[in-house]
Structure formats: structure tokens, C-alpha cells
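Student: In the UniProt record's numbering, the protein residues as written are 1 to 140.
Built from N, CA and C at the ideal position, the CB exists for glycine as well.
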Amino acid sequence: MALERTFSIIKPDATRRNITGKVLSYIEAAGLRVVAQKRLHLTKEQAEGFYAVHKERPFFNDLVAFMISGPVVVQVLEGENAVATYREVMGATNPANAAEGTIRKDLAESIEANSVHGSDAPETAAQEIAYFFKDEEIVG
Ligand code: RTP
Ligand code: MG
């Protein structure tokens, strides 16, 4: 099976609690490899642009405020079926509904402060990776 890439954000609730390494342990245990990574404090404009698809949703302003409330770690993950594999490891958006053993079940604080983002399809993964990384910053 071909290698695929997905885009990940370790969100401010996780950097605040100093558990980025714990999140990474779930990622690596699932067979995904970090091929690019950097720590950033998103600007309001970056966060609004990244979540533009949710612009009309009632939670948009709160989401943007949360995403700029502290540093994040943005990552490119590579592996077989990386997009679906990472969504599975992340668990449901609301940690109350997330399956046992997932990042969100074990680590997330709330439906908003849910520790991680992962792309929802290969096409969005490509767009999201390009939003944060140059080709030469990704070392597979
Ligand atoms: P993500 O995009 O971050 O990987 O999460 P997702 O696909 O599971 O969830 P999505 O529907 O795309 O929502 C994006 C993020 O917005 C926050 N959210 N808050 N207050 C709320 O009802 C609510 N719903 C969603 C979460 O941080 C969610 O991950
Ligand atoms: Mg989403």
C-alpha cells in the first residue's frame, strides 16, 4: 500500500499541559511517522484562514480564540492510510463520544479543547500541509 500524508495540529490545550510528547506516543504507536514538525503561535489571521470552512458555524469565533490562546505544534504525518489512521487514533470530536484508547478520550478536555486536529480527507491534507509547510521542510 502506498504511503499517504496527513496534517496534524497539537492544539493549545495540549501544549499548555506539556503533553505534546504523550500525544506523539499515540501517533507513533499507530505506525505514523512525523516527517515535518514545528511549534508556532498562530496569528488570528492564520487561524481564521485555516478554519475558513467553519466560518458560518456558531463555534467559529470561540474556536479561533482557542487556537490562538497558546502555542501549537503543526506536523506532517506519513504512513499507510495516514488520513484515516490518524482520524481513528484521534477519536470523535467530542471526547465524551470518543472510543477507548484514542487521544481525545484519554487526553482531551472538551469538544473545543480536544487536543488535536487531523485532516479529514487526502485533498484537504494536501491543502493544509501547503498552508504551513514548504516542500523542502518535509523529510520523508
Ligand atoms: P479537527 O478539524 O480539529 O480535526 O476536528 P474535527 O474534524 O473532529 O471537528 P470539526 O467539526 O472539523 O470542528 C473543528 C474544531 O472545532 C471545534 N469545535 N467546537 N463548540 C463546538 O460545538 C465545537 N464543535 C467543534 C473543535 O476544536 C473541533 O476539533
Ligand atoms: Mg475537521
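Under 9 Å between the Cβ atoms of residue 78 and residue 35?
Tutor: In the sequence shown, counting from the first residue as 1, residue 78 sits at position 78. In the sequence shown, counting from the first residue as 1, residue 35 sits at position 35. For residue 78 and residue 35, yes; Cβs fall inside 9 Å.
Student: With 16 as the cutoff for other CB atoms within 10 Å, does residue 117 come out buried or exposed?
Tutor: Against the sequence shown, residue 117 aligns to sequence position 117. Counting Cβ neighbours within 10 Å, residue 117 comes out buried, since at least 16 surround it.
Student: In three-state DSSP terms, what is residue 39?
Tutor: By one-based count along the sequence shown, residue 39 stands at place 39. In the structure shown, residue 39 sits in a strand (DSSP, three-state: E or B).
Student: Kindly provide the ranges of any alpha helix (DSSP H) runs that are 4 or more residues long and lie completely inside the UniProt domain "Nucleoside diphosphate kinase-like" (3-140), ordered along the chain.
Tutor: 12-16, 20-29, 44-50, 60-67, 82-90, 103-107 and 122-132
Student: Drop a sphere of 10 angstroms on the beta-carbon of residue 153, count the other beta-carbons inside from all chains shown, and report buried for 16 or more, exposed for fewer.
Tutor: The requested residue 153 is not part of the displayed model; the chain covers only 1 to 140.
Student: Below 8 Å, how does it come out for the stretch 80-90 and the stretch 35-50: are there three or more Cβ pairs, yes or no?
Tutor: Contact fails: fewer than three Cβ-Cβ distances are below 8 Å.
Student: Nearest CA to the CA of residue 11: which residue from 131, 112 and 106?
Tutor: Indexing the sequence shown from 1 puts residue 11 at position 11. Closest by alpha carbon: 112.
Student: Rounded to whole angstroms, what's the CA-CA distance from residue 17 to residue 42? Just pull it up for me.
Tutor: Position 17 of the sequence shown, counted from the start, is the residue given in the question as residue 17. Position 42 of the sequence shown, counted from the start, is the residue given in the question as residue 42. So the two alpha carbons sit approximately 18 Å from each other.
Student: Please classify residue 95: is it buried, with 16 or more other beta-carbons within 10 angstroms of its beta-carbon, or exposed?
Tutor: Counted from its first residue, the sequence shown places residue 95 at position 95. The residue in question, residue 95, is buried, as its Cβ has 16 or more Cβ neighbours within 10 Å.
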